[in-house]
Amino acid sequence: MLVGFSTFSGLRTTLFALSFLTYLVTLSGNVTIITIIHADRTLRTPMYRFLAMLSLSETCYTLVTIPNMLAYLLMESGAISIPGYWAQMFFYLGLGCSHCFLLTLMGYYRCVAICHPLRYWVIMRPTVCLYLGALVFYFGSSVALIETSLIVSSPLCPSERVEHFFCDITRILVVLVSFLILLSYTFIVAALLRIPSAAGRHKPFSTCAAHLTVVTVHFGCASIIYLRPESRGNPDQDRLVAVFYTVVTPLLNPVVHTLRNKDVRVASRRTLERGRGVLKISTRPKFRL
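If you read the sequence shown in our numbering, its first letter stands for residue 743, the second for the next number, and so on.
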């Protein structure tokens, strides 16, 4: 039995409305990013390929938790079967770990682009990007499979109540991945400090701002939940933080990368105009002689 939001009976309607609207914006934003990157040839670079992978990962990641959370906000009961519990935990852990690995990979990409610009196209070849993306999801699934197998083989707790609205466990992996991103940005900052002019430092740093924003919020919220001593835990507060972590944080990726990224904005207008042109041609009346 997932306790969910049973202790927040007065906030259920508000939480449902806000979460549902945020989820719709997140879903439409990520789908739009994937479509634009796939349709526009100018965006078929390693950076935007990784961005499309990140949007795909977040789309699947939110599908695992948010629909169930919305259902529990409307229903009195949060009952879930044991196989369903294990399945949700596997996909949540797998996609969550893949998401963290992708953020690390994007930090490595920026490190290569700024610290080794002359060797960039040799290191980040299209085949290498494809293999790296495949490895990200492979390692994420492997970690999830190992952790879920260990939980399945462990004895179940005598209590049937789970103080959460989805299936989750503590992940120390957050520390390791955040350390690797920090290491990448250490090399980036060292390379930027060697640039003599302020204007020369501004452009590379501006390309990292969107990624830094997403990373800071993502791992900041994760640290509050996963790196806090158990003795200081408060289930009600954890659930509210988890709502922000699972609903609001995924919204940052499409918002930040579409509003701050000039290339994506231009490509979206170009794709929209191309779609309107195709629609006009398809609806134009045809005359036969």
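Glycine is no exception: its CB is placed at the ideal position from the N, C-alpha and C atoms. Please read these numbers as outputs of a predicted model, since none were measured by experiment.
Of all C-beta pairs linking the stretch 985 to 1005 to the stretch 797 to 813, three or more are shorter than 8 Å, placing the two stretches in contact. Tyr851 sits away from Pro946, with the two beta carbons spaced by 9 Å or more. Between Gly836 and Gly882, the CB-CB gap stays under 9 Å.
One Cα belongs to Gly826, the other to Gly838, and the distance between them is close to 18 Å. Under the DSSP assignment, Asn810 falls in the alpha helix (DSSP H) whose first and last residues are Pro788 to Leu816. Taking C-beta atoms as the reference points, Arg943 and Leu954 fail to come closer than 9 Å.
Under the 8 Å Cβ criterion, the stretch 779 to 799 counts as touching the stretch 870 to 889, having at least three qualifying pairs. Under the DSSP assignment, Asn772 falls in the alpha helix (DSSP H) whose first and last residues are Arg754 to Ala781. Here the alpha carbon of Asp782 sits roughly 12 Å from the alpha carbon of Thr774. In this structure, Ala952 lies near Asn1003, with their beta-carbon atoms less than 9 Å apart. Apart from the 5 residues on each side of it in sequence, Ser926 sits with its Cβ closer than 8 Å to the Cβ of Thr846, Gly849, Tyr850, Arg852 and Cys853 in its chain, given in chain order. In this structure Val767 is in contact with Leu993, their Cβ atoms being roughly 6 Å apart against a cut-off of 8 Å. Boundaries of the alpha helix (DSSP H) around Leu877: Pro868 to Val894. Within the same chain, Ile775, Leu793, Ala952 and Val1006 come within 7 Å of His999 by CB-CB distance, once the 5 residues on both sides are set aside. Non-local beta-carbon contacts of Leu785 in its own chain, meaning distances under 8 Å to residues more than five positions away in sequence, involve Ile778, Ile779, Asp1005, Val1006 and Ala1009 in chain order.
Distance check between Arg791 and each of Met831, Ser823, Thr869 and Ala821 places Thr869 closest, using alpha-carbon atoms only. Residue environment: Met811 is assigned as buried (16 or more neighbouring CB atoms within 10 Å of its CB, all protein chains considered).
Distance between Ile808 and Tyr765, taken at the CA atoms: about 8 Å. Take Phe929, set aside five residues on each side of it, and the residues of its chain with a beta-carbon closer than 7 Å to its own are Cys853 and Cys857, in chain order.
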